[in-house]
Every structure is written in structure tokens, then in C-alpha cells.
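Written below as C-alpha cells is the structure these notes are about.
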Amino acid sequence: METLKASPRNWLQNILADWDKTQVLVSFVILGLIALTPLFIKSPYYMGIVILTTLYIFTGISWNIVAGFSGQLLIAHISFLAFGAYTTIVLYNTYGVTPWVGIFIGGIVAGLLGVVVAFITLRYGLKMDYFALFTIALMVALKTLFLKWKFVGGAIGMGLSLSEPGFGKMIFDSKVPYLYIALGLTALGIIAQYAIYQSKMGKYFMAIREDEAAAAALGVNTSLYNTLALVIGAAMAGVGGGFYVMYVTFVEPPQVFDLGLNVEILMAAPIIGGLGSLAGPVLGGILNKPLAELIRGLLAGGRSGSTLIVYGSFLILAILFMPRGVTGVLHGFYLKWQRRKTGNKQEG
Amino acid sequence: MTLLEAHNITKRFGGLVAVNDLSLSVSEGEILGMIGPNGAGKTTAFNMISGYYQPNEGRVIFDGKDITGLRPDQVCKLGLARTFQVVKPFPQLSVLDNVLVGAYNRTNDKQEAQQKAREILDFLGMGNMTEQLAGGLSVAGRKRLEIAKVLATGPKMILLDEAMAGLRPIETDEIIELVRQISQQGVALLLVEHVMKVIMSLADRIVVIHHGEKIAEGEPQAVVQDKAVIDAYLGEEVANVAG
Ligand SMILES: Nc1ncnc2c1ncn2[C@@H]1O[C@H](COP(=O)(O)OP(=O)(O)OP(=O)(O)O)[C@@H](O)[C@H]1O
Ligand SMILES: [Mg+2]
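Chains as they are written, first to last, in the numbering used here: chain H, 41 to 388; chain D, 61 to 303.
Spelled out as C-alpha cells, the structure:
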């Protein structure tokens, strides 16, 4: 009989024996390191990059669940983020609702948009490239609508009614509290992503991604589970959008209904990190935003065309040379290490 | 008792009538073999029965319920599961997870589903491949996995579409034995095969399809002696061997 001793060493060994758990551990180690950055980084500019890096991990997870787990070719995911951002700022500015509640209502509103998108695309049988085009068309249509819609500021957009800083208003003097809120959201995001991955729902998502007809043959209601993936991803993006608007303090249609930002804030981290993997959004995320910022800095400021070309080329190279992302490369090393370990055990 | 009944089902693709006015029935626990030349409409019939195609005419009754027009997942929930002629593994998922998806058809409990999936993989002799990615399996492995997945859904009846095509004789014999054991557990089967040996050794009855229509039905020995069947499909030689 083995005695069940929960020593830290056993605990670590248990995690390292399982690649999925290892990925979660790696994710949390990286979040832990990010949490230490305020000790070293005093410049608000660099702290800003760290905050957005963290946020983009969280928003990356939201896209990873839809595109990576369930395999839906959702391109313009940013409409959901925009809904979350607008909901949060309108609730705060117009109705005085605290952003702590507002960003979650933003998530619900974005989730409802997800239901609408799922309903329309299922109703008209839009799949793969047609689904992708639909999401882009929707983004363009929403941008036009928001440009005309006076209640949400029309073309001018909306700035946060800044008042005295305060915890209840999620408005702070220093950047550091924003970082810890982003880290908190991201930690929840990683746990949620892992829970989904391990669950019946997660297996159904991945079965649909791998072969929708075969999934249906095994009793998977593919319409229902496609919708669930979309709504979960949309709601998470909405929460991310809510935090985003509290941090950048304004929102306008051309800023959030934009494919450039869509790629940077939602798609890049999971793609670089490994789409559909658990550590992908984190491993890709810590490269994505800093790199985008570096390129922007080197090519002298602003959202110029050349920045997008270099950044886009980098993404293409990442896809070509690491089709399974940074996580895929790490998994290769992990398997070698595992094999060596079991090999040693057999010899010894 | 009759488990599955297809009443006069017809499927047209534009001008082509792939299945024409086909009726068949399968009793509980029975193995019905379906044979016919390439393009005869066997897979199309499967697709209509399992909810992938809506028949243009006719009805499908399973276990006393009219299932015409139900979705594939609803048909599976009722206990009628099908395999695919062109096997459809989930390549990036492990063998265990492939079967797990099937096992979740009858339970929401992870432990229970995993246990069921493992039992079935053991039954199919794949117990040592659980962690492997399904995409890396051999042809024989993929064919077995296809059967493991449908078994995991807890079916009353399985539609097997050429589950043994492309296998070596030894592998075929192994699958025949497995199918026999599945049948002994009380599961009814509708079996499409080109390999006559399989049909002859397993089927209780045979239907023969040609140009989308049923041209013969009955006891295996009688059917393979049937003139129309020999002309349409078997040729003299096979009939002699089988008879
Ligand atoms: N989705 C489809 N669209 C158009 N024609 C189709 C479609 N599916 C099948 N057919 C046609 O219907 C006819 C019957 O095909 P089916 O696949 O059912 O034959 P089968 O008996 O299964 O043949 P095989 O033994 O080669 O598997 C063929 O002429 C085929 O080309
Ligand atoms: Mg066929």
C-alpha cells in the first residue's frame, strides 16, 4: 500500500507527468513573473506595455476557445470586445454603474451578440470561409452603426468621465493596480480555459473542430456546442473589452472595430503561442505585445502602414516556422525529456 | 421485434436517383448484410437512415419512433449509431479522447465516461494505444477506432459501412470475431461489405441493392444463388465459391 503524501515534491511530479497540467503551471509561473515586474519597472510607459501584454493574454484566451478549441473561423472577434467596452463605459458614464459590475455586464451583452451571430450563421448554414466573412462584414456594419449612434458618442466616441481616483470606480493614479486587475482576470481565464478543456464540453468542442460530421455521429449536437463556444469566447472578450476601456479611458468606432487591433489583441497571442493549446495565449502573449511595441518604436511612432507590414510579416513567419506555436516547440522538448526520464528508470 | 424499418425511402441528387423506393427492416439483435456494386446507393441509404440526408420520400422508424428528419446526434441518442466508409478519426485527439467523445453520449460524468472508453478500447485490443494521437494510427487501427467510437455511444443498433475494407485477411478475421461478439451482446447490425466472406459468415439475412433499388432479399445462401444477384454483382465465380 502506498501512503498518500501530498508533499510539494509529489505535487510537482504529478503536474509534470501531465502535459496539460504542465502547461497550466507554466502559465501561472509566467503570470507570477509578470506580477513581480512593478518591483523593477518604474516607467509608466513600460508598465503600460506590461498591462496590455497581460490583457492581450486574457483576450487571446477568449479567441483560443472559439477558434482553437471548437475550430470556428471567427475572424472579427473584436466586435464582442467592442460591445464589452461600450457597455462598460456607457453604464459608468451615463448610469454611474461601477465598472466592477459593468465589465461583467459588458461580458453578458457581448455574449448576447454571440448568440445572435451563432443564430444567424447556423440559420443560413455559414461555415468556414463564409463564417469568417460574415464576422468581418458584421464588424464593418457595427462600425457604421456606432459612428451614427449618438447615444454612444457617434463618431467622436466616448471618454471616461474622469473624476477623483477610487477603487470603486476602477480609476487609479498609478498603473500598478490596473496590472493586478488584468492579472486577476487572466488567472481566472487560464483556470476557465483548463476547466473547459478537461470537461465534456471541451472534448465536444475539439471533436467538432476535428470533424464535425463524425462528432454528430457520436451524439454531439454540433449547433448547440458551436454556439456555446462562441458565446463563452464572446463573453470573455466582452469582459476584456470592459477592462480595456477602463484602462485606455476612451473608445471610438474606428479604434475598436478594426482588423489591425483585432489581430493584435485577440489572434496574435494564441497563434504565436500555439492555437488550441493551453499555454498558447500566455507563451504567445509575452512575445506579442512587446514585439508589436518594439516594431512600432523602431519604425518611429504611430499606427503607420510599415509597422503593420513588419508585424504582419512576423506573424506569417511564426505560422510558417512554428505551425504549432511556441507551445508546440516546448512540447517537443517535453516529450524528449519524458522519454529520457522513463528510459533512465528502466535502466536503473 | 422489429427495431429498424425503412419504408420506401428515396434520395435524388439532381437528376440522379441514388436510392429508389427502398424498404428494409432489421429485428432486435439481428445482423442484416447489405451488398451491391459500387455506386449502388448503400452509403446513401445509410446517410438517410442515420439523419445525414433527409429522404425525398419515405420514412424511417427506429425502436417504434419515426426518426425521419431527425439530426444525426438525435438519431445517435436514440441508440442508432453509424460508422463512416471513409473513416473519420479526430486526428489531433488521443485515441482515448476519440472514444471518450462517444462515451459522453450516455453520461455527463467524466470518470464514468473514461472508464467506459477504456473498457471498450480493451475489448478492441487497443488498450495500449490510449495516449497515442488518432492521426498516427495505421489503417487497421483507424478501422477499429471507428468501431470503438460507435460502441462507446451505447447503441441498440450499429450501421457499419465497409468496416473491413482495405484490411489484410488476418485483420479482417479479427474484426469479424469482434462484430460477432458485439452482436452476441444483443446489438443489431446493418453491415455493408464487399468482402463476401464477411457477409456470409456474419449476416442472418442479406439485401442486395443495384442502381438504388432492392433486387433481392433473404437467407445468405439463397441470395447468392439468385440469378439477378449473380448478374448484377457477384458473377458466377463468387456464387460458386459461396455456394
Ligand atoms: N452527395 C452526393 N451528391 C451527388 N451524388 C451523390 C452524392 N452521394 C452519392 N452520390 C451518388 O449516388 C450514387 C450512390 O452512391 P453511394 O455512395 O450511396 O454508393 P455505394 O453503394 O455506397 O457505393 P460504394 O460501394 O462505392 O461505397 C452514386 O452514383 C454517387 O455518385
Ligand atoms: Mg459506400
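All C-beta atoms, glycine included, are put in the ideal place defined by N, C-alpha and C.
In DSSP terms, what residue i is bridged to
i      : result
D/H67  : D/R119
H/D60  : Beta-bridge pairing links H/D60 to no other residue.
H/H117 : Note: H/H117 sits in no beta bridge, so no partner.
D/H270 : D/E273
D/S87  : D/T62
D/S154 : D/L193
D/V161 : None; D/V161 has no bridge partner.
D/L140 : D/M217
H/F290 : H/G199
D/V252 : D/M94, D/D221
H/K376 : For H/K376, which the question treats as bridged, DSSP gives no partner whatsoever.
D/D126 : D/I121
D/L205 : DSSP, once it has assigned bridges, lists no residue as partnering D/L205.
D/G278 : D/I266
D/Q73  : Before going on, a small fix: residue 73 of chain D reads as Phe here, not Gln. The partner list for D/F73 (beta bridge, DSSP) reads D/L76.
H/L264 : Partner(s): none; H/L264 has no beta bridge.
Any chain H beta carbon closer than 9 Å to residue i
i      : result
D/N68  : no
D/S182 : Strictly speaking, residue 182 of chain D in this sequence is Asp, with Ser absent from that position. No - not a single Cβ of chain H is within 9 Å of the one on D/D182.
D/D123 : no
D/A282 : no
D/Q134 : yes
D/D225 : In the sequence as presented, Asp is not what sits at residue 225 of chain D; that position holds Ala. By this cut-off, D/A225 is not an interface position.
D/T143 : yes
D/A173 : yes
D/F150 : yes
D/R131 : yes
D/K287 : no
D/K176 : no
D/K137 : yes
D/G303 : Per-residue confidence for D/G303 stands at a pLDDT of 43, beneath the threshold of 50, marking its modelled position as unreliable; the derived number appears in the next sentence. No, its Cβ sits nowhere closer than 9 Å to a Cβ of chain H.
D/E179 : no
Beta carbon proximity, residue i to chain D, threshold 9 Å
i      : result
H/G320 : no
H/G365 : no
H/D316 : One point to set straight first is that residue 316 of chain H is Gly, not Asp, in the sequence displayed. With 9 Å as the cut-off, H/G316 counts as an interface residue toward chain D.
H/T382 : no
H/W377 : no
Whole-number beta carbon distance between residue j and residue i, since they are thought to touch under 8 Å
i      : j      : result
D/V120 : D/A66  : 5 Å
D/I266 : D/G93  : 4 Å
D/Q192 : D/S154 : 6 Å
H/S119 : H/M179 : 5 Å
H/G313 : H/G325 : 7 Å
H/G147 : H/G273 : That belief does not hold up - the Cβ atoms of H/G147 and H/G273 are roughly 11 Å apart, past 8 Å.
D/I230 : D/K203 : Wrong, their Cβ atoms sit about 13 Å apart, outside the cutoff.
D/S83  : D/N68  : 5 Å
Proximity test, Cβ basis, 9 Å: residue i and chain A
i      : result
D/Q171 : This model lacks chain A altogether, as its protein chains are H and D.
Residues, ordered as in the chain, of the stretch 234-262 of chain H that lie near chain D by beta-carbon distance below 9 Å | Those residues of the stretch 234-262 of chain H placed with their C-beta closer than 9 Å to a C-beta in chain D are Q238, S239, K240, K243, Y244, M246, A247, R249, E250, D251, A253, A254, A255, A256, A257, L258, G259, V260, N261, T262, ordered along the chain.
Runs of beta strand (DSSP E) wholly within the stretch 168-218 of chain H (minimum 3 residues, chain order) | Counting only runs of 3 or more, we get nothing.
Note down, in chain order, all residues in the stretch 153-169 of chain D with a beta-carbon under 7 Å from any beta-carbon belonging to chain H.
-> Within the stretch 153-169 of chain D, L153, D157, L160, V161, G162, Y164, N165, N168 place their CB atoms closer than 7 Å to a CB of chain H, listed in sequence order.
Got a sec: which bits of the stretch 88-120 of chain D sit with their beta carbon under 9 Å from any beta carbon on chain H, in order along the chain?
-> If the cut-off is 9 Å between Cβ atoms, the stretch 88-120 of chain D has S110, G111, Y112 near chain H.
Contacting positions in the stretch 210-221 of chain D - beta carbon closer than 8 Å to chain H | Those residues of the stretch 210-221 of chain D that come within reach of chain H (Cβ to Cβ, closer than 8 Å) are V210, A212, T213.
Quick one: which unbroken alpha helix (DSSP H) runs of 4-plus residues sit fully inside the stretch 267-346 of chain H? Chain order, please.
-> Counting only runs of 4 or more, we get 293-296, 299-302, 308-313, 320-338.
What are the start and end residues of each continuous alpha helix (DSSP H) run of 4 or more residues lying completely inside the stretch 89-149 of chain H, in chain order?
-> List check, alpha helix (DSSP H) in window: 118-135.
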